[in-house]
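Undergrad: One structure, as structure tokens, below. Some questions next.
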Amino acid sequence: MSTNHRVHDIGGTEGWGAVPYDPNEAVFHNDWERRVLGLLFQILPHTAKRPGEFRHTLERLASEDYFCADGYYGRWRAGMEVLLHEYGHVDRAELDNRLGVPQGTSAGYRSANVAAVNAETLPPDRITPTPEHRTVRRDLKEPPQFQIGDRVVAPGNDEAGHTRLPEYVRGVTGTVVKIHPAEVLPDSTAHNHGDRPQHVLCVAYQANDLWGEDAEQDVVINVDLYESYVELDEGAS
Amino acid sequence: MSQGADHHHGRNANSPEIRTEALEDLLVEKGLIDRARVDALIERFEHDLGPMIGARLVAKSWLEPEFREKLLDDADQVLKDEQIQGAEIEHVEIKVNEPGIHNVVVCTLCSCYPWALLGLPPSWYKSPEYRSRVVREPRKVLEEMGMSLDPDTEIRVWDSSSETRFLVLPERPAGTEELDLEALTQLVTRDSMIGVAEVKA
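Structure (structure tokens):
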């Protein structure tokens, strides 16, 4: 069974209660949530511009800020405070001082630093035509290394950097059911190591394979994985 | 607007309202943001975007088999043809509910969601409870959320771990044969296109 080691990587983790479901829920509950949304979209061009960079900022938050009482927009605001500090726009002490709250209140005091990811652990970069507009999609001339029907497994690694490989599928064999358009690799772009575009595989996992014999019946979990995450499971039938 | 801590006297200086307001003031003073552009962006997200965009695609698929076929085959091209643009729809795939097959969408790693088709995601979709549990016990989660599926129905969960975004095409309810595009669009809810509710006539 997976051991969750990243604050955000919670798929399949246990101990959570009922989903706080309200079918008629409004998208904002308070006016400050609106402001956070509006601010973020103007702050990102001054800070986290690369694909995956803002997501990784949220992933670096301390658990108390990631799961903070102010909900999702509270998490975004915490992420903004971290970015503004790291990019030298607003020192983490500045907002605390202005508010007259104890220094150290800002999430910037608790977030982890960006991990140093060794570029040699990433797949090689590949040259693709420069897109006409901002997009994560790339036209790869190399064909996918896998085919629909292939049995694949993502071993994962314990690097501290950004990745879109969920812990719960690590080491479990699934079947390629679809191949999506190629995209830049967030594990690389988030760390400023270039695009390193990859074909993206949709891999179907049987619930029994992920969760064991007591899993719900007739459940398939489909996860999109960058091609470099997986290898052929030669032993799988 | 705020000129420091005095302004906040009598209110909790670290409430989300005060902290956000102070942050905005600081950013304006530093020339990093333009308040009018913040207002405009909020306006656009709140009023121009929303589930009605996805709902219309669903309703049109129910009415026009040819449109449905195109949408399932190449949603990106259909969105281009329909001039639907915006955030978080770089590549879209439609997942069709039919007797015996039910689809449900999640993002376990963050909160990825087809904004340009459904608007901003609701809190429950972003909650750790939904993100953690719907991949492990989707049948139970759906039941708790008010959707009881036949035990023989296969559940297909789609975890939005790349930049592909998923939209569920729910089943058309019985008794809607006389309805036109407008009326059908009104029936299609946000939650039915995430896959946690069915469309009711």
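Read top to bottom, the protein sequences are chains A and B.
The first sequence begins at 11 in this note's numbering and counts up by one.
The second sequence begins at -6 in this note's numbering and counts up by one.
Ideal Cβ positions, reconstructed from N, Cα and C, are used throughout, including at glycine.
#1: For a test of the three-state rule: what should DSSP assign to Q216(A), helix, strand or coil?
#2: Where DSSP assigns a beta bridge to A164(A), which residues make up the other side?
#3: Could you pull the start and end residues of the alpha helix (DSSP H) that H66(A) belongs to?
#4: Quick check: what's the CA-CA separation for L135(B) versus E244(A)?
#5: Assuming R153(B) and V99(B) form a contact by the criterion Cβ under 8 angstroms, report the distance between their Cβ atoms to the nearest whole angstrom.
#6: Counting Cβ pairs closer than 8 angstroms, one from the region 232 to 242 of chain A and one from the region 158 to 174 of chain A, do we hit at least three?
#7: Taking the beta strand (DSSP E) that L235(A) belongs to, which residues open and close that run?
#8: Using CA coordinates, which residue listed in M90(A), E69(A) and L150(A) is at the minimum distance from C103(B)?
#9: Tell me, please, whether the CB atom of P176(A) is closer than 9 angstroms to any CB atom in chain B?
#10: May I have the straight-line CA-CA distance separating N5(B) from G81(A), to the nearest angstrom?
#11: In whole angstroms, give me the CA-to-CA distance for K193(B) and N90(B).
#12: So, does the region 76 to 88 of chain B touch the region 106 to 119 of chain B, judging by three or more C-beta pairs under 8 angstroms?
#13: If G48(A) and E91(A) are in contact, beta carbons under 8 angstroms, what's the gap, nearest whole angstrom?
#14: Is the beta carbon of V127(B) closer than 9 angstroms to that of V97(B)?
#15: What is the rounded straight-line gap between the Cα of D224(A) and the Cα of Y215(A)?
#16: Please classify A68(B): does DSSP put it in a helix, a strand, or coil?
#17: Going along the chain, which residues of its own chain have a beta-carbon closer than 7 angstroms to the beta-carbon of E122(B), five neighbours each way excluded?
#18: Excluding the five sequence neighbours on either side, which residues of its own chain have a C-beta within less than 7 angstroms of the C-beta of S54(B), listed in chain order?
#19: Could you check whether the Cβ of E62(B) sits closer than 9 angstroms to any Cβ belonging to chain A?
#20: Is F159(B) helix, strand or coil by DSSP?
#21: Report yes or no: is there a C-beta of chain A within less than 9 angstroms of the C-beta of V192(B)?
#22: Ordered along the chain, which non-local residues of its own chain (more than five positions away) have a Cβ less than 6 angstroms from that of L87(A)?
#23: In the DSSP assignment, find the unbroken alpha helix (DSSP H) run with H95(A) in it and report its ends.
#24: Would you report the Cα separation of A68(B) and G43(B), rounded to the nearest angstrom?
#25: Expressed to the nearest angstrom, what Euclidean distance is found between the alpha-carbon atoms of G84(A) and R149(B)?
#26: Check distances from the C-beta atoms of the region 228 to 245 of chain A to those of chain B and list, in chain order, the residues that come in under 9 angstroms.
#27: Looking only at its chain, what residues have a beta carbon closer than 7 angstroms to the beta carbon of R49(B), apart from the 5 residues adjacent to it on each side?
#28: Quick check: what's the CA-CA separation for E86(B) versus R165(B)?
#29: What is the DSSP secondary structure of K119(B), reduced to helix, strand or coil?
#30: Do D219(A) and V182(A) have their C-beta atoms within less than 9 angstroms of each other?
#31: If we cut at 9 angstroms on Cβ distances, does A225(A) have a partner in chain B?
#32: Just how far apart, CA to CA, sit R129(B) and E191(B)?
TA: Let's see:
#1: Q216(A) falls in the strand class under three-state DSSP.
#2: Here A164(A) is bridged, per DSSP, to R180(A).
#3: Its alpha helix (DSSP H) spans residues E63 to E69.
#4: Whole-angstrom Cα-Cα distance: 36 angstroms.
#5: Residue identity differs from the one stated: residue 153(B) is Ser in this sequence, not Arg. Yes, S153(B) and V99(B) are in contact; Cβ-Cβ is about 7 angstroms, under 8 angstroms.
#6: The region 232 to 242 of chain A makes contact with the region 158 to 174 of chain A, as at least three CB pairs between them are under 8 angstroms.
#7: Run containing L235(A): V229 to Y236, per the beta strand (DSSP E) assignment.
#8: Taking only the C-alpha atoms, the option nearest C103(B) is E69(A).
#9: Output row for P176(A): interface = yes.
#10: Going by the C-alpha atoms only, they are around 18 angstroms apart.
#11: Put simply, the backbone Cα of K193(B) is about 14 angstroms away from that of N90(B).
#12: Contact holds between the region 76 to 88 of chain B and the region 106 to 119 of chain B, because three or more Cβ pairs, one in each stretch, are under 8 angstroms apart.
#13: About 16 angstroms separates the beta carbons of G48(A) and E91(A), which is beyond the 8 angstroms limit, so they are not a contact pair.
#14: In contact: V97(B) and V127(B) (Cβ atoms closer than 9 angstroms).
#15: If I take the Cα positions, the gap works out to 15 angstroms.
#16: Here A68(B) sits in helix by DSSP.
#17: Excluding sequence neighbours, E122(B) sits near nothing in its chain.
#18: Same-chain partners within the cutoff: F60, R61, L64 and L162.
#19: For E62(B), the answer is no, since every Cβ of chain A falls outside 9 angstroms of its Cβ.
#20: Residue state, collapsed to three classes: strand.
#21: No, V192(B) does not count as interfacial toward chain A.
#22: It is worth fixing the name first, because residue 87(A) is Arg in this sequence and not Leu. Taken in chain order, the residues that qualify are V46.
#23: Segment G81 to E96, the alpha helix (DSSP H) holding H95(A).
#24: A68(B) and G43(B) have their C-alpha atoms spaced approximately 18 angstroms apart.
#25: Taken atom to atom, the span from the alpha-carbon of G84(A) to that of R149(B) is near 31 angstroms.
#26: Residues D228, V229, V230, I231, N232, V233, D234, L235 and Y236.
#27: Same-chain partners within the cutoff: T178.
#28: So the two alpha carbons sit approximately 19 angstroms from each other.
#29: Three-state result, K119(B): helix.
#30: Yes, these two residues count as a Cβ contact at 9 angstroms.
#31: Answer yes: the Cβ-Cβ gap between A225(A) and chain B drops below 9 angstroms somewhere.
#32: Distance between the alpha carbons of R129(B) and E191(B): 21 angstroms.
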